[in-house]
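J.:
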Amino acid sequence: MSGELLRISGLRAGYGRIEVLRGIDLRVERGEKIVILGPSGSGKSTLLKCIPYLVRPWSGEIHIDGLQVSPEPNTLRRIRASTGFVFQQYNLFPHMTILRNVALPLELNKEMPRREAEKSALSVLNMLGLGELAGKYPLELSGGQQQRAAIARALAVDPKLLLLDEPTSALDPELRYEVVETLYQVAKQGRSMLIVTHELDFAEAAADRVVFMDEGLIVEEGDAREVLGHPRKERTERFLRRLRSRLNSFPPSN
Amino acid sequence: MDINRFLFEILPYLAEGIPVTMELTLLSFALGLALGAILAAARVFGSKPLSVVARSYIEFFRGTPLLVQIFFIYFGLPAIGIKLDAFAASIIAIGLNSASYQAEILRSAIKSIPEEQYLSAESLGMTTVQTYRFIIFPQAIRVATPALVNEFVALIKYTSLASIIGVAELFRRTEYMVSYTFMPEIYLLSAVIYLAICLPTSQFSKMLESRYAIPGYRRALV
Numbered sequence: 001m002s003g004e005l006l007r008i009s010g011l012r013a014g015y016g017r018i019e020v021l022r023g024i025d026l027r028v029e030r031g032e033k034i035v036i037l038g039p040s041g042s043g044k045s046t047l048l049k050c051i052p053y054l055v056r057p058w059s060g061e062i063h064i065d066g067l068q069v070s071p072e073p074n075t076l077r078r079i080r081a082s083t084g085f086v087f088q089q090y091n092l093f094p095h096m097t098i099l100r101n102v103a104l105p106l107e108l109n110k111e112m113p114r115r116e117a118e119k120s121a122l123s124v125l126n127m128l129g130l131g132e133l134a135g136k137y138p139l140e141l142s143g144g145q146q147q148r149a150a151i152a153r154a155l156a157v158d159p160k161l162l163l164l165d166e167p168t169s170a171l172d173p174e175l176r177y178e179v180v181e182t183l184y185q186v187a188k189q190g191r192s193m194l195i196v197t198h199e200l201d202f203a204e205a206a207a208d209r210v211v212f213m214d215e216g217l218i219v220e221e222g223d224a225r226e227v228l229g230h231p232r233k234e235r236t237e238r239f240l241r242r243l244r245s246r247l248n249s250f251p252p253s254n
Numbered sequence: 255m256d257i258n259r260f261l262f263e264i265l266p267y268l269a270e271g272i273p274v275t276m277e278l279t280l281l282s283f284a285l286g287l288a289l290g291a292i293l294a295a296a297r298v299f300g301s302k303p304l305s306v307v308a309r310s311y312i313e314f315f316r317g318t319p320l321l322v323q324i325f326f327i328y329f330g331l332p333a334i335g336i337k338l339d340a341f342a343a344s345i346i347a348i349g350l351n352s353a354s355y356q357a358e359i360l361r362s363a364i365k366s367i368p369e370e371q372y373l374s375a376e377s378l379g380m381t382t383v384q385t386y387r388f389i390i391f392p393q394a395i396r397v398a399t400p401a402l403v404n405e406f407v408a409l410i411k412y413t414s415l416a417s418i419i420g421v422a423e424l425f426r427r428t429e430y431m432v433s434y435t436f437m438p439e440i441y442l443l444s445a446v447i448y449l450a451i452c453l454p455t456s457q458f459s460k461m462l463e464s465r466y467a468i469p470g471y472r473r474a475l476v
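Heads up: the sequence lines are chains D and B, in that order. Quick note on this note's numbering: the first sequence kicks off at 1 and runs consecutively. Quick note on this note's numbering: the second sequence kicks off at 255 and runs consecutively.
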């Protein structure tokens with residue numbers, strides 16, 4: 001399967017009077033994995049949230065698999081059922097077990113009977129090595145486990161496009177590792193992914209393309225190894241240099 | 255104090271007031287919860303005018319003495335043709351009053367659920383109704399439970415005000431016994447009975463809380 005999955009054109013968005021996205025154009029092919037990089041405040045997270053209208057754009061168009069995203073409730077439900085979203089802070093539902101967290105969207109969106117939904121949820125959890133945690137509650141788990149469960153929840157509805165908003169940023173270094181492993185595993189399955197992350201190793205190894213954003217615009221985009229290894233724009237190069245030096249240096253002692 | 259008189263005359267007489275006190279409490283609490291839920295919904299989901307009406311109600315009933323409200327309903331309403339017996343008037347007055355407190359408890363519980371939970375539910379394609387039904391309300395009710403039980407315990411004590419318009423609940427009976435026997439220590443006995451009702455209720459609340467607590471929640475707060 002190939003062809004265009006996501007097309008964003010002329011996207012502008014912001015909060016109040018502050019414009020955060022100042023005209024974004026982006027295409028994602030089916031099966032493509034794209035890493036979005038950029039300094040904080042560059043609009044990466046807003047861009048990701050605009051796709052399923054978690055943030056309402058000011059103007060511009062978004063098409064997913066030919067369907068234009070709009071605030072019309074039925075369209076919105078279809079769009080959201082076909083995109084999985086993983087948040088920086090996991091945002092699992094704390095009053096439900098992991099299994100219920102993953103099964104509920106299946107019951108509500110796909111109108112699956114409870115038993116079937118839970119069976120299906122369990123198989124996704126097993127696939128990500130979380131089967132034993134199915135009966136636990138989110139706050140009983142480590143951050144890394146919670147984030148992996150959140151990834152399972154997003155995957156359970158079999159989305160056409162998986163959107164991940166800094167999935168490892170809230171985690172301690174040793175917990176990040178297990179989430180990155182999970183990301184590799186998901187990436188290998190050929191699902192289309194749009195990931196905002198600073199995990200450069202992951203970007204290098206798993207991404208087809210890298211998009212670098214700054215100040216609400218896409219500054220540079222291209223083949224992952226090209227952009228990461230030989231950035232054309234000075235701003236990209238400066239950002240990568242700073243990111244790498246931060247990652248390699250010891251944390252400042254206090 | 256003559257122990258026989260105490261055990262076989264005074265105590266049974268007071269004890270007969272306990273069911274009346276409990277009925278007053280349960281019924282006015284139920285009225286308060288039902289009306290409180292409506293008021294909270296009006297404030298959280300209602301249009302601006304509706305929300306203002308709910309807010310005014312809440313401010314009025316919280317800002318005026320419960321005793322005045324009881325008198326108004328028992329002695330004032332007959333002037334416009336609404337005659338209630340003392341028991342019904344007490345339940346309505348205490349219930350209307352409690353509604354304002356319960357409304358605020360429920361409203362703040364709903365508001366305490368973080369924005370991320372809504373966002374998360376939205377991202378999964380849930381409708382607004384589904385989001386509230388499956389995600390927001392089940393968490394909000396857990397937040398509200400301790401405060402609601404607290405309100406219930408407060409009502410147990412507030413029902414003693416119904417004695418003033420002649421409802422034969424625990425305190426009315428206490429007063430009667432004191433004036434009959436000239437033994438003011440009966441007030442102490444009455445207080446002990448109130449305590450004996452309130453303490454288990456608070457205990458029950460703690461049990462309820464831990465039974466329905468979100469696992470891991472306390473650890474996550476530390």
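Glycine residues also receive a C-beta, built at the ideal position from the N, C-alpha and C atoms. These numbers come from a predicted model, not from an experiment.
Going by CA-CA distance only, name the one from B:I257, B:L278, B:D256 that's closest to F535 (chain B).
T.: No answer is possible for residue 535 (chain B): it lies beyond the span of chain B, which begins at 255 and ends at 476.
J.: If we call anything under 8 Å between Cβ atoms a contact, is I62 (chain D) one with L5 (chain D)?
T.: Cβ atoms of I62 (chain D) and L5 (chain D): not closer than 8 Å.
J.: For a contact defined as C-beta to C-beta under 8 Å, what are the partners of E370 (chain B) on chain D?
T.: Simply F87, Q89, N91.
J.: For the pair the segment 61-75 of chain D and the segment 100-120 of chain D, tell me if three or more CB-CB distances fall below 8 Å.
T.: Counting Cβ pairs under 8 Å, fewer than three are found: no touch.
J.: Relative to chain D, which residues along the segment 259-276 of chain B have a C-beta separation below 8 Å, given in chain order?
T.: Residues: none.
J.: Spell out whether any CB of chain D is found under 8 Å from the CB atom of V476 (chain B).
T.: Only weak support exists for where V476 (chain B) lies, its pLDDT of 43 falling under 50; the value from the coordinates is given anyway. Judged by the 8 Å Cβ criterion, V476 (chain B) is not in contact with chain D.
J.: Where in the segment 81-131 of chain D do unbroken runs of the alpha helix (DSSP H), each at least 4 residues long, occur, reported from the N-terminal end onward?
T.: 98-109, 114-127, all fully within the segment 81-131 of chain D.
J.: What does the alpha-carbon distance come out to for the pair A426 (chain B) and G271 (chain B)?
T.: Before going further, note that residue 426 (chain B) is Arg rather than Ala in the sequence given. For R426 (chain B) and G271 (chain B), the distance between alpha carbons rounds to 8 Å.
J.: Which two residues bound the contiguous alpha helix (DSSP H) that contains R465 (chain B)?
T.: Run containing R465 (chain B): 439-466, per the alpha helix (DSSP H) assignment.
J.: Find the nearest neighbour of D165 (chain D) within the set B:K337, B:L373, B:Y386, judged by alpha-carbon distance.
T.: Ranking B:K337, B:L373, B:Y386 by Cα distance to D165 (chain D) puts B:L373 first.
J.: Please classify V137 (chain D): is it buried, with 16 or more other beta-carbons within 10 angstroms of its beta-carbon, or exposed?
T.: The sequence given here places Tyr at residue 137 (chain D); Val does not occur at that position. Buried is the call here.
J.: Any idea what DSSP makes of S9 (chain D), helix, strand or coil?
T.: DSSP places S9 (chain D) in strand when its eight states are reduced to three.
J.: In chain D, what lies closer than 8 Å to Y471 (chain B) by C-beta?
T.: Result: P94, L139.
J.: Which one or two residues does DSSP pair with E221 (chain D) in a beta bridge?
T.: Per DSSP, D:V211.
J.: So, does the CB of R80 (chain D) fall closer than 8 Å to a CB anywhere in chain B?
T.: R80 (chain D) counts as touching chain B.
J.: Comparing the C-beta of L373 (chain B) with each C-beta of chain D, is any distance below 8 Å?
T.: Taking Cβ atoms only, chain D reaches closer than 8 Å to L373 (chain B), which makes this a yes.
J.: Excluding the 5 residues flanking L285 (chain B) on each side, which residues of the same chain have their C-beta closer than 6 Å to its C-beta?
T.: G349, listed in sequence order.
J.: What do you get for L475 (chain B), buried or exposed, if any count of 16 or more other CB atoms within 10 angstroms of its CB means buried?
T.: Bear in mind that a pLDDT of 49 at L475 (chain B), under 50, signals an unreliable position, so the model cannot answer this.
J.: Given the structure, does A450 (chain B) come close to the ligand MG, in the sense that its CB is under 7 Å from one of the ligand's heavy atoms?
T.: With respect to the ligand MG, the structure shown offers nothing to examine, as it has no ligands at all.
J.: Reducing DSSP to helix, strand and coil, say where I18 (chain D) ends up.
T.: In this structure, I18 (chain D) counts as strand in the three-state DSSP scheme.
J.: By Cβ distance below 7 Å, which residues in the same chain neighbour L106 (chain D) in space, the five residues on each side in sequence not counted?
T.: Cβ within range, chain order: M112, A117, S120, A121, A156, V157.
J.: Identify each residue in the segment 376-391 of chain B for which the Cβ-Cβ distance to at least one residue of chain D is less than 8 Å, and report them in chain order.
T.: Answer in chain order: E376, S377, L378, G379, M380, T381, Q384, F388, I389.
J.: Within 10 angstroms of the Cβ of G16 (chain D), are there 16 or more other Cβ atoms? Answer buried if so, exposed if not.
T.: Exposed.
J.: Please confirm whether I8 (chain D) and I34 (chain D) have their CB atoms less than 8 Å apart.
T.: Their beta carbons are not under 8 Å apart, which means I8 (chain D) does not touch I34 (chain D) by this criterion.
J.: Return the first residue and the last residue of the beta strand (DSSP E) that L161 (chain D) is part of.
T.: Here the beta strand (DSSP E) through L161 (chain D) covers 161-165.
J.: Helix, strand or coil for I51 (chain D)? Go by DSSP, reduced to three states.
T.: If DSSP states are grouped into helix, strand and coil, I51 (chain D) belongs with coil.
J.: Flag this pair as yes or no: are the beta carbons of V432 (chain B) and P438 (chain B) separated by less than 8 Å?
T.: Yes, the Cβ-Cβ distance between V432 (chain B) and P438 (chain B) is below 8 Å.
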